[in-house]
Amino acid sequence: MLLFDSGASHSFISYACVAMLGVPVCDLGLRLLVSTPASTSVVASELCANCPIVVNGKKYKVSLICLPLVDIDIILGMDWLSANRILIDCANRRLIFPQEEDELLISASQAESMLRDGAGCYLLLAMMSMETERDISEIDVVRDFAEVFPDEVPGLPPVREIEFSIELVPGAGPVSVTPYRMAPAELVELKGQLEDLLEKQLVRLSVSPWGAPVLLVKKKDGGSHLCVDYWQLNKLTIKNKYPLLRIDDLMDQLRGASVFSKIDLRSGYHQIRVKEGDIPKTAFRTRYGHYEYVVMPFGVTNAPAVFMDYMNRIFRPFLDKFVVVFIDDILIYSRTREEHGEHLRVVLEILKAKQLYAKLSKCEFWLDEVKFLGHVISAEGIAVDPTKVESVLQWERPRTVTDIQSFVGLAGYYRRFIEGFSRIVAPLTQLTRKEQPFIWTDACERSFEELKRRLTTSPVLVLPDSGEPFDVYCDASHQGLGCVLMQQGKVVAYASRQLKNHERNYPTHDLELAAVVFALKIWRHYLYGAQFSVFSDHKSLKYLFDQKELNMRQRRWMEFLNDYDFQLMYHPSKANVVADTLSRKSIHMSSMMVRELELIEEFRDLNLGVELAQDHISCGTVTITNEFLRRLNLSSCKMLSW
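In case it helps, UniProt numbering puts the sequence shown at residues 1 to 642.
Set out below in structure tokens:
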């Protein structure tokens with residue numbers, strides 16, 4: 001007889017049942033005094049550990065304390081009931097078992113015990129989303145182009161004006177590499193993906209002398225992506241030099257836009273065929289056979305250039321007007337919602353006509369603010385995408401040259417947002433030089449922390465307007481060159497660089513001129529053919545064009561400067577609206593910015609006018625009486641040098 005007893009703190013088994021079932025008994029490890037319903041006490045010292053029992057068709061394990069029970073074989077008490085979340089319905093005299101979908105919390109020791117007993121274990125990665133995916137029928141304009149957003153690419157793409165070809169360096173011959181070993185679970189996934197590729201006719205069986213190994217790479221959604229390691233083939237391939245546009249150049253087109261849509265093509269590379277004669281070169285070897293791609297595979301060296309070429313061809317009439325294309329990402333931008341409807345329709349018509357397909361879950365439409373290529377773009381301007389740099393705050397201190405190069409590489413991608421970038425990064429880049437011992441100094445630590453702070457608190461920069469005049473502010477010191485590009489008092493971009501060894505011997509006059517030349521070279525695409533002003537705090541530069549005697553270096557620079565239409569103007573550094581010299585700014589800018597608000601409050605108390613430009617302050621001429629001077633100095637001595 002089996003009794004479910006919510007009044008029993010433990011579970012028990014009779015000695016008669018132990019003998020009948022032949023269950024092994026072990027020492028309890030202590031003498032347990034058990035009170036019975038008859039108000040008597042029994043001493044228990046033995047235990048049947050982890051006994052398997054079946055209740056309601058489900059197998060459980062329970063540890064049973066041995067007692068001299070009469071008429072009852074087993075008592076399952078609260079230890080078993082609560083551990084398995086089983087309730088007793090006294091009114092209906094039945095047990096209520098938890099539903100299969102209910103969660104069951106177990107301890108680490110329970111999990112370890114279950115695994116030892118052969119239980120299956122799965123790791124689930126979940127991501128919470130605040131928004132549900134919109135139905136295509138709810139999206140204006142897009143609803144008319146449902147065929148552009150299929151669940152899967154429908155087989156082989158049509159024959160296009162461009163095919164992917166692989167040209168080899170002279171003398172190159174076939175290379176075949178032994179397949180990589182895979183775990184059993186990976187082999188199951190590999191087999192499934194190969195069958196899917198064959199069914200879609202994206203690959204075919206091969207007898208090619210070429211053969212690359214494959215590996216599975218985890219995707220963000222937890223799935224796996226089949227990747228072919230074409231490293232050996234890429235070494236032997238002549239590189240396609242088709243220009244991939246600079247990110248800055250792409251962003252500059254977006255001035256004045258306030259409505260955005262973003263389209264991500266589905267398996268974009270697979271929508272271009274491989275030239276028939278080059279298909280054998282794409283062959284790859286697996287446990288389940290030898291295959292070759294009929295469509296352009298991922299991982300081959302010239303794939304980005306070929307795809308970019310094709311996208312530029314089909315969207316050429318609309319580039320720089322309302323379309324930005326970067327490989328398989330398409331950004332549509334417009335000044336008004338009415339315009340945007342027309343622009344979006346044009347783009348979708350082209351995709352439909354060319355039989356190019358997009359992935360709806362990765363597309364976004366009718367946005368006031370869009371994330372594109374690591375940036376956040378809106379009507380206000382352009383900023384760093386915080387999701388791309390949030391991990392920077394947890395970035396551990398670099399311990400090798402490679403670690404430094406990785407960190408500086410990320411920071412360099414956003415250098416247009418970082419004022420005085422080259423000066424800040426200088427201690428880190430010095431450690432990457434040949435024959436330089438890797439010694440992490442306090443200066444390196446300050447540089448590392450300052451870059452992390454700047455990346456995660458970067459400003460919003462305005463996008464340049466070709467119809468408005470530019471102002472260029474330049475400065476130089478014996479540490480580096482710095483400049484700021486502005487329009488209508490707002491920052492468009494920052495730029496800076498460290499001095500080269502031979503430049504450290506330049507006189508001050510030449511260093512200041514070098515800063516001007518540096519600014520005009522780096523922003524030539526903005527300034528060439530336009531009228532603009534250049535401001536410097538070196539007064540003699542204003543009269544440069546009137547000098548009759550110039551050294552050879554100055555003559556060379558003057559010849560370069562004559563190609564530009566600008567006014568060179570003197571601007572004292574203390575009155576400069578940029579309010580500092582980028583090349584020599586203190587590393588303690590963060591503490592300086594904290595004092596800024598306190599100083600503003602002091603100025604208000606003194607009825608002084610203050611003009612703010614970004615995180616800098618410039619003041620007009622003021623008259624301060626002696627009784628106010630002490631208060632003003634206390635607020636400003638740690639912040640500004642007057």
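Even for Gly, the Cβ is constructed at its ideal location relative to N, Cα and C.
Straight-line gap, residue 643 to glycine 409 (C-alpha atoms, nearest Å)
Residue 643 falls outside the range modelled here, since the chain spans only 1 to 642, and no answer is possible.
Per the DSSP calculation, alanine 212 is bridged to which residue(s)?
Along the sequence shown, read from residue 1 onward, the residue named residue 212 stands at position 212. Beta-bridge pairing links alanine 212 to Phe284.
Would a C-beta distance cut-off of 8 angstroms place valine 492 and leucine 451 closer than the cut-off?
Taking the sequence shown and counting its residues from 1, the one referred to as residue 492 is at position 492. Taking the sequence shown and counting its residues from 1, the one referred to as residue 451 is at position 451. No, Cβ-Cβ distance for valine 492 and leucine 451 is not below 8 angstroms.
Tell me, which residues are paired with proline 174 by DSSP?
Counting from 1 along the sequence shown, the entry for residue 174 is found at position 174. DSSP lists no partner for proline 174.
Could you give the distance in angstroms between the alpha-carbon of glutamate 598 and the alpha-carbon of aspartate 465?
Reading the sequence shown from its first residue, position 598 is the one you call residue 598. Reading the sequence shown from its first residue, position 465 is the one you call residue 465. Caution applies to glutamate 598, whose pLDDT of 46 falls short of 50 and renders its modelled position unreliable; the value that the coordinates give is listed next. Distance between the alpha carbons of glutamate 598 and aspartate 465: 35 angstroms.
Please specify which runs of the alpha helix (DSSP H), each continuous and at least 4 residues long, are wholly inside the segment 399–449, giving them in chain order.
401–413, 421–430
Got a sec? Which residues, its chain only, sit under 8 angstroms from arginine 313 by beta carbon, not counting five neighbours each side?
Your numbering for residue 313 matches position 313 in the sequence shown. Excluding sequence neighbours, arginine 313 sits near Glu161, Ile162.
Arginine 337 and valine 259 - do their beta-carbons sit closer together than 8 angstroms?
Along the sequence shown, one-based indexing puts residue 259 at 259. Along the sequence shown, one-based indexing puts residue 337 at 337. Going by C-beta atoms, valine 259 is nearer than 8 angstroms to arginine 337.
Which residues DSSP lists as bridging leucine 3, in chain order:
What you label residue 3 is simply residue 3 of the sequence shown in a count that begins at 1. Leucine 3 pairs with Ile75.
Give the DSSP-derived three-state secondary structure of glycine 482 in the structure shown.
Taking the sequence shown and counting its residues from 1, one reaches residue 482 at position 482. Strand.
Own chain partners of residue 644 with C-beta closer than 6 angstroms, once the 5 adjacent residues on each side are dropped
A query on residue 644 cannot be resolved here, the shown segment of the chain reaching from 1 to 642 and no further.
If you measure between the beta carbons of glutamate 147 and isoleucine 238, is that distance less than 8 angstroms?
Within the sequence shown, the letter at position 147 stands for residue 147. Within the sequence shown, the letter at position 238 stands for residue 238. No. Outside cutoff.
For the segment 6–72, which segments carrying the beta strand (DSSP E) assignment without a break, of at least 3 residues, lie completely within its bounds, in sequence order?
12–14, 26–35, 41–55, 58–67
Check the C-beta distance from valine 203 over to glutamate 292 and give it rounded, since I have them as a contact under 8 angstroms.
Here residue 203 is taken as the residue at index 203 of the sequence shown, counted from 1. Here residue 292 is taken as the residue at index 292 of the sequence shown, counted from 1. The pair is a contact, with the Cβ atoms about 6 angstroms apart (cut-off 8 angstroms).
Do you know how far the Cα of valine 462 is from the Cα of histidine 571?
Translated into the one-based positions of the sequence shown, residue 571 becomes position 571. Translated into the one-based positions of the sequence shown, residue 462 becomes position 462. Histidine 571 and valine 462: Cα-Cα distance of roughly 23 angstroms.
On the DSSP letters alone, give me the boundaries of the alpha helix (DSSP H) that tyrosine 526 sits inside.
The sequence position of residue 526 within the sequence shown is 526, counting from 1. Run containing tyrosine 526: 524–527, per the alpha helix (DSSP H) assignment.
Residues that leucine 265 bridges to, as DSSP identifies them:
Along the sequence shown, one-based indexing puts residue 265 at 265. Beta-bridge pairing links leucine 265 to Ala358.
Distance, tryptophan 523 Cα to aspartate 328 Cα
Locating residue 328 in the sequence shown gives position 328, counting from the first residue. Locating residue 523 in the sequence shown gives position 523, counting from the first residue. Going from the Cα of aspartate 328 to the Cα of tryptophan 523 covers about 28 angstroms.
Which word fits cysteine 26, buried or exposed, when buried means at least 16 other C-beta atoms lie within 10 angstroms of its C-beta?
The count along the sequence shown starts at 1 and reaches residue 26 at position 26. Classification for cysteine 26: exposed.
Which word fits methionine 593, buried or exposed, when buried means at least 16 other C-beta atoms lie within 10 angstroms of its C-beta?
What you label residue 593 is simply residue 593 of the sequence shown in a count that begins at 1. Here the model assigns methionine 593 a pLDDT of 34, short of 50, so the residue's position is not dependable and the matter cannot be decided.
Could you give the distance in angstroms between the alpha-carbon of glutamine 436 and the alpha-carbon of glycine 482?
For the purposes of this step, residue 436 is taken as residue 436 along the sequence shown, with counting starting at 1. For the purposes of this step, residue 482 is taken as residue 482 along the sequence shown, with counting starting at 1. Distance between the alpha carbons of glutamine 436 and glycine 482 is about 26 angstroms.
Just list the residues that DSSP pairs threonine 301 with in beta bridges.
Numbered from its first residue, the sequence shown carries residue 301 at position 301. Looking at the DSSP assignment, threonine 301 forms no beta bridge with any residue, so it has no partner.
Consider the Cβ of arginine 556: report whether some Cβ of chain B lies at a distance smaller than 8 angstroms.
In the displayed structure, chain B is absent; only one protein chain is listed.
List the whole-angstrom C-beta distance separating methionine 251 from isoleucine 382, where the pair is believed to meet the contact cut-off of C-beta under 8 angstroms.
Your numbering for residue 251 matches position 251 in the sequence shown. Your numbering for residue 382 matches position 382 in the sequence shown. Confirmed, Cβ separation roughly 6 angstroms.
Which residues in the same chain as glutamate 131 place their Cβ atom closer than 6 angstroms to its Cβ, once the five residues preceding and following it in sequence are excluded?
Indexing the sequence shown from 1 puts residue 131 at position 131. Reliability fails at glutamate 131, whose pLDDT of 45 lies under 50, so the model's placement of it is uncertain and no value is given.
Rounded straight-line distance, which links the Cα of arginine 266 to that of glycine 289
Taking the sequence shown and counting its residues from 1, one reaches residue 289 at position 289. Taking the sequence shown and counting its residues from 1, one reaches residue 266 at position 266. Roughly 27 angstroms separates the two Cα atoms.
Backbone secondary structure at phenylalanine 326 - three-state DSSP:
Position 326 of the sequence shown holds residue 326. Residue state, collapsed to three classes: strand.
Residue from Cys48, Leu30, Ser41, Asp5 whose Cα sits closest to the Cα of alanine 19:
On the sequence shown, residue 19 is found 19 positions in, with the first residue counted as 1. For the residues Cys48, Leu30, Ser41, Asp5, the minimum Cα distance to alanine 19 belongs to Cys48.
Is it true that the segment 7–18 meets the segment 66–73, where meeting means three or more beta-carbon pairs spaced less than 8 angstroms apart?
yes
Looking at the secondary structure, which residues open and close the alpha helix (DSSP H) in which glutamine 193 lies?
Here residue 193 is taken as the residue at index 193 of the sequence shown, counted from 1. 184–199 is the span of the alpha helix (DSSP H), which, as asked, contains glutamine 193.
What are the residues that DSSP puts in a beta bridge with leucine 550?
Reading the sequence shown from its first residue, position 550 is the one you call residue 550. Answer is none; leucine 550 lacks a bridge partner.
For threonine 336, the three-state DSSP class (helix, strand or coil)
As a working note, residue 336 is residue 336 in the sequence shown. Coil at threonine 336, not helix or strand.
Cα-Cα, which of Met486, Arg335, Arg397, Gln547 is closest to leucine 367?
Taking the first residue of the sequence shown as position 1, residue 367 is located at position 367. Looking at the Cα atoms, Arg335 is the closest of the given residues.
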